[in-house]
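Residues 4 to 447, numbered by my numbering, are exactly what the sequence shown covers, in order. Backbone N, C-alpha and C fix where the C-beta goes; we use that ideal spot for every residue, glycine too.
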Amino acid sequence: MENTNSQRTAGEAGWRLSRYNLSMQAPEGDGYLIANLLSGSCRIYNLAECYLLSIFASLDEHHPIISDFAKAGLIVNFDELAAIEARSRAITGFSNSLSLTICPTMGCNFDCPYCFENHGHGKMSRKTQDEIVDLARRMLEQSRVERFFVSWFGGEPLLVPEIIESLSERFMSLAEELKVEYTARILTNGYFLSKANIAMLNRVKVNRASITLDGIGSVHDRTRHLVNGEGTFGVITENLHNPIPFSVSIRHNVSAENAEDYERFRLFLEKLAAETGNNLIFTPALVKDNPASKKRGACFRPLLDERAAHIEALKYSARMTSFVYCGAPKIWDLGIDDKGRLYKCWEVMTMPEFSFGTVSRWDPANPIYTADRPDLFTSFINGSLPLENDECRACIWLPHCLGGCPYERLYSHVRCPLYKDDPERFLRTYWNRWHIKTSDKTAK
């Protein structure tokens with residue numbers, strides 16, 4: 004007769020160490036800081052707990068520490084690769100939000116050397132606006148999502164504030180009719196962020212903005228100047244002194260040319276936020292070597308040292324376990340340019356050759372057969388996971404990196420995170436970000 008009371012070890016019960024654990028000595032005191040890139044857990048374990056983790060396979064499967072390790076994802080009894088694929092595919096196919104990135108104009112009053120090679124000069128026609136509203140209605144009815152989100156992009160969208168206001172009011176009415184939540188954000192160079200435009204944006208439910216400042220004074224003006232060459236730093240910072248009722252992410256493009264000013268600019272922004280009372284969020288980003296800047300004769304040396312690794316770790320530690328790199332693989336995320344052309348990625352919205360269809364012809368109820376170029380629609384969805392790549396499948400960073408930018412992976416090149424071979428840097432950055440947030444919440 005089989006002994007049903009026989010005890011099993013955790014190893015015999017099928018538990019094994021996760022392949023996605025990162026660890027380092029605790030920043031303070033004894034023990035180790037251990038994070039799991041799949042579950043997103045991160046905490047300090049004392050030396051006794053670390054010892055038990057090292058021998059967990061020989062412990063009784065019902066030992067209380069086994070349950071603790073399992074909840075943190077440090078040990079698993081399932082196929083982690085299969086879980087990553089299943090969860091990511093579920094998120095891309097069953098999103099509860101509709102997201103449209105809309106360019107009301109591709110024109111811009113700036114002439115940034117690292118930006119798009121050519122800007123347009125027109126603005127979105129009333130006919131295209133009508134077709135966008137009609138498409139939004141059909142997408143909302145087809146998807147049955149709960150949230151409707153719009154990103155105003157360009158060009159410089161505030162060159163045509165009347166289009167933003169008009170379309171927003173129609174979107175808000177549509178959302179109210181269909182009983183979905185509506186919010187928006189805007190990516191702007193900040194030059195036209197006047198009191199009147201701030202009030203308008205707040206009125207049409209824009210709850211966050213993104214503005215780029217490349218440094219202080221002439222450092223910024225060297226790369227982000229008007230078409231006529233005049234500087235823009237003074238106007239933008241003056242606008243940031245206006246009361247702004249929504250958060251503003253201040254993107255700081257960092258290259259080898261301005262890296263020495265990184266800390267000075269961070270402190271400047273911290274002081275500006277304190278003076279104005281506005282919620283200004285410092286968001287550093289590395290300048291990438293791109294074909295557009297080369298064609299324009301601009302030469303930017305990408306920052307590739309330990310400072311670059313820190314900036315990347317700071318940026319990507321915020322998305323520990325998103326299971327989707329960006330909106331491009333999501334079926335209900337689209338980009339629309341000023342001519343009504345549709346895209347799956349905003350990085351290519353100045354390149355009509357990457358458009359998969361138009362607002363007038365594409366039908367969300369029949370997305371493949373009504374697309375002008377179906378492969379450009381399906382490639383971003385099917386290519387959202389790099390599981391066919393043996394190097395990515397074997398990499399500890401897979402649940403965090405997910406192969407990186409889908410556009411770069413599909414059409415350009417794959418670049419691994421700069422901190423890939425320095426996991427301690429990433430873990431320290433993530434802990435500082437997470438621990439500070441937790442401490443702030445506890446203090447409140």
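Note to self: Please list the terminal residues of the continuous alpha helix (DSSP H) segment that includes residue 136.
What the structure shows: 129 to 146
Next item on the list: State the Cα-Cα distance for the pair residue 196 and residue 264, rounded to the nearest angstrom.
Entry: 25 Å
Note to self: Taking DSSP's pairing of strands, which residues face residue 288 in a bridge?
What the structure shows: 256
Check: Near residue 234, which residues of its chain fall below 6 Å by C-beta distance, leaving aside the five closest residues on each side in sequence?
Finding: 224 and 228
Margin query: In the DSSP assignment, the alpha helix (DSSP H) including residue 175 goes from what residue to what residue?
Written below: 164 to 181
Notebook entry, point to check: Which of helix, strand or coil does DSSP assign to residue 359?
Noted result: coil
Notebook entry, point to check: What is the rounded straight-line gap between the Cα of residue 43 and the Cα of residue 67?
Noted result: 21 Å
Next item on the list: Could you tell me which residues DSSP pairs with residue 45 in its beta bridges?
Entry: 38
Check: How big is the Cα-Cα spacing for residue 217 and residue 342?
Finding: 30 Å
Item checked: Closest Cα partner of residue 420 within the set 391, 289 and 153 -> 289
Margin query: Going by C-alpha to C-alpha distance, which of 254, 59, 221 and 104 sits closest to residue 170?
Written below: 104
Next item on the list: Provide the residue(s) that pair with residue 24 in DSSP beta bridges, ordered along the chain.
Entry: 39
Note to self: Here's the rule I'm using: 16 or more other beta-carbon atoms within 10 Å means buried, otherwise exposed. How should residue 77 be labelled?
What the structure shows: buried
Check: Can you name, in chain order, every residue of its own chain whose Cβ lies under 7 Å from the Cβ of residue 355, other than the five neighbours on each side?
Finding: 344
Item checked: Neighbourhood of residue 422 by C-beta, 7 Å cutoff - its chain only, sequence neighbours within 5 removed -> 312, 315, 316, 428 and 429
Next item on the list: Please list the segments of the alpha helix (DSSP H) lying wholly inside the stretch 181 to 230, counting only runs of 4 or more residues, in order along the chain.
Entry: 198 to 206 and 221 to 226
Item checked: Validate contact between the stretch 157 to 176 and the stretch 102 to 118 using beta carbons, cut 8 Å, 3 pairs -> yes
Margin query: I'd like to check one pair, residue 132 with residue 166: are the Cβ atoms closer than 8 Å?
Written below: yes
Next item on the list: Mind checking which residues open and close the alpha helix (DSSP H) that includes residue 351?
Entry: Taken as a continuous stretch (DSSP letters only), residue 351 belongs to no alpha helix (DSSP H), as it is neither H nor E.
Item checked: Assigned exposure category for residue 270 - 16 Cβ within 10 Å defines buried -> exposed
Next item on the list: Starting from the C-beta of residue 330, find all residues in its chain whose C-beta is less than 6 Å away, skip the five residues before and the five after it, and write them out in chain order.
Entry: 102 and 336
Margin query: Looking at the secondary structure, which residues open and close the beta strand (DSSP E) in which residue 100 lies?
Written below: 100 to 105
Next item on the list: Tell me, please, whether the stretch 46 to 60 touches the stretch 70 to 87 by the rule of three or more beta-carbon pairs shorter than 8 Å.
Entry: yes
Margin query: Cutting at 7 Å between CB atoms, please list the residues of its own chain near residue 395, excluding the five before and the five after it.
Written below: 389, 401 and 406
Note to self: Tell me whether the stretch 174 to 194 and the stretch 125 to 140 touch, counting them as touching only if at least three CB pairs, one residue from each stretch, are closer than 8 Å.
What the structure shows: yes
Next item on the list: Take residue 12 as the anchor and find which of 278, 64 and 162 has the nearest alpha-carbon.
Entry: 64
Check: Between residue 363 and residue 346, is the Cβ-Cβ spacing less than 8 Å?
Finding: no
Next item on the list: Work out the CA separation of residue 95 and residue 243 for me, nearest whole Å.
Entry: 36 Å
Check: For residue 274, which three-state DSSP category applies?
Finding: helix
Checklist line | C-alpha gap between residue 282 and residue 163, whole angstroms | finding: 25 Å
Check: So which of 332, 189 and 51 has the shortest CA-CA distance to residue 203?
Finding: 189
Check: Under three-state DSSP, which class holds residue 237?
Finding: helix
Margin query: By the DSSP assignment, the alpha helix (DSSP H) with residue 90 in it spans what residues?
Written below: 83 to 96
Note to self: According to DSSP, is residue 399 part of a helix, a strand, or is it coil?
What the structure shows: coil
Margin query: With DSSP as the reference, identify every bridge partner of residue 155, one or two as the case may be.
Written below: 105 and 189
Item checked: Reduced DSSP category for residue 126 - H, G, I as helix; E, B as strand; rest coil -> strand
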